[in-house]
Structures are given as C-alpha cells and as structure tokens.
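Trainee: My questions will all concern the structure given below.
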Amino acid sequence: MKKILLLTIIGIFAMSCTGDDSTTVSDSAQNKVVLLQVDYLTNAFEGGKELTFPEADDFTISYDYNSPGDFGDITLKYDELNQPLFAGGIIWMGTGERTFPEAIDGVLSFPAIGNTVAMPDLDDFQMINYTGYEYPENIAYEPLWNAVDNLQIVKEYREANPTAKVNVFLYTPSVGFGNPAEWDYYIILKN
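Numbering (the numbering used here), first residue to last: 14 to 204.
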C-alpha cells in the first residue's frame, strides 16, 4: 500500500512539472541597481554593491537631506519604490559614516573584462545634487568612468539599458574643514 501511495505522489509531482521555463525570472531580467564606489582624490575603484528591487516602471533617484548643523545625513531613494539606495551621516568638523548599504563588496567581487566599455556621452551623466551642496562647476567624468569601464557588471548594465543615465553622487561625510581623502563618488547604474 505504501508503495502505491508513494508512486502516486511521485506521479503527481512529475505531471505537475513542465519543460516550460517561461515563468522563471532570469537574473538579468530582475530590477537591479549597482552602486560603484570611486575614491574622490585618486579616482580608484574601491568596490560596490548590487541591489535588487521589485519591478517598477521607471527609475528616479530622490533624496532626503538633513543639513549638518553639527550632525546631518543624506538618504538616496529609488523614488518609485520608496526604497533606499544609499544613506550616510554627515558631520560638521567630523566624519560621518555610510549606513546603507551596510557593507560594500570588495574590488575582487567585480570581475574585469578585456575590453573597456565605451564612455557614454557627457549628456548621459547626471549629478545627484541635493539642497545645500554645490558641486564643482566642471566634473571630470572621464577619470570616473575610467575607474569602472573595465568591469563586467558595467558592460552588462550598459548592454541591458544603454539609454539609462549614469548617475553620479559625491558623498562627503565630513564638511566644514572636511577631509577630501574621506570623500567618495558613487556611480549608480540601473539595468
């Protein structure tokens, strides 16, 4: 009796399986954003973080900025989903810390490719400006792009979404007599 019951259950499971994987979501079809950290002074790639989100029709970065009287902070959000992309403290005459993502994956987590990814037109770069902070008038995008143009993930994201903006965010955890050696650019790409 047990054998018949076992065979019946196995048969039901076998019939419920199909060879159609059209319902399987491929990894590249997921809604992802990657943050790539580049040192402000040296333009060296320091690592990054790939984030996965629910599906959304668009990708807009909004921010919540609290000016540092003594202590402040900045949060970047995926506006359509109201989910964080980045958060960090900003301290007047001190140094804040990134709080989201909690950790950045190291350089070795991002394999390099043999051929570099062509730099997008300057019109395709978009600085994330937030109230109370002025960027230098002339941002040198080429050294920033050169820091990440040999990464497999950059190639994949640009191929998946070639018309997407290359968002650039300068995180300055120290202000006042801030130390630029503590500052980082974040290149934010959407697949």
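By construction, the Cβ of each residue, glycine as well, lies at the ideal position given by its N, Cα and C atoms. Treat the numbers as computed from the prediction; the structure is a model and nothing was measured.
With a cut-off of 8 Å on the beta carbons, I'd call residue 204 and residue 173 a contact; round off their distance for me.
Mentor: 4 Å
Trainee: What residues match up with residue 65 in a beta bridge as DSSP calls it?
Mentor: In the DSSP output, where bridge partners are listed per residue, residue 65 has 45.
Trainee: Can you give the Cα-Cα distance for residue 108 and residue 200, rounded to whole angstroms?
Mentor: 21 Å
Trainee: What is the DSSP secondary structure of residue 134, counted as helix, strand or coil?
Mentor: coil
Trainee: Closest to residue 151 by CA distance: which of 180, 166, 135 and 164 is it?
Mentor: 135
Trainee: Can you tell me where the beta strand (DSSP E) holding residue 246 begins and where it ends?
Mentor: Any answer about residue 246 is impossible in this case: the structure gives the chain only from 14 up to 204.
Trainee: Hey, how far is the Cα of residue 188 from the Cα of residue 104?
Mentor: 6 Å
Trainee: Skipping 5 residues on each side, what residues in its chain have a beta carbon closer than 7 Å to that of residue 154?
Mentor: 135 and 138
Trainee: Ordered along the chain, which non-local residues of its own chain (more than five positions away) have a Cβ less than 6 Å from that of residue 130?
Mentor: 162, 167, 168 and 171
Trainee: Using DSSP's beta-bridge definition, name the partner residues of residue 90.
Mentor: 75 and 97
Trainee: Quick test of your reading: residue 63 and residue 50, contact by CB under 8 Å. State the CB separation rounded to the nearest angstrom.
Mentor: At roughly 12 Å, the Cβ-Cβ gap does not stay under 8 Å, so residue 63 and residue 50 are not in contact.
Trainee: Between the C-alpha atoms of residue 142 and residue 89, what's the straight-line distance to the nearest angstrom?
Mentor: 11 Å
Trainee: With DSSP as the reference, label residue 54 as helix, strand or coil.
Mentor: coil
Trainee: In whole angstroms, what separates the C-alpha of residue 69 from that of residue 98?
Mentor: 15 Å
Trainee: Rank 48, 191, 190 and 196 by C-alpha distance to the C-alpha of residue 115 and give the top, closest one.
Mentor: Nearest option by C-alpha distance: 48.
Trainee: Check residue 172 in the structure and name its three-state DSSP category.
Mentor: Of the three classes helix, strand and coil, the one that applies to residue 172 here is helix, per DSSP.
Trainee: Mind checking which residues open and close the beta strand (DSSP E) that includes residue 199?
Mentor: Segment 197-203, the beta strand (DSSP E) holding residue 199.
Trainee: Beta-carbon separation of residue 46 and residue 91 under 8 Å?
Mentor: yes
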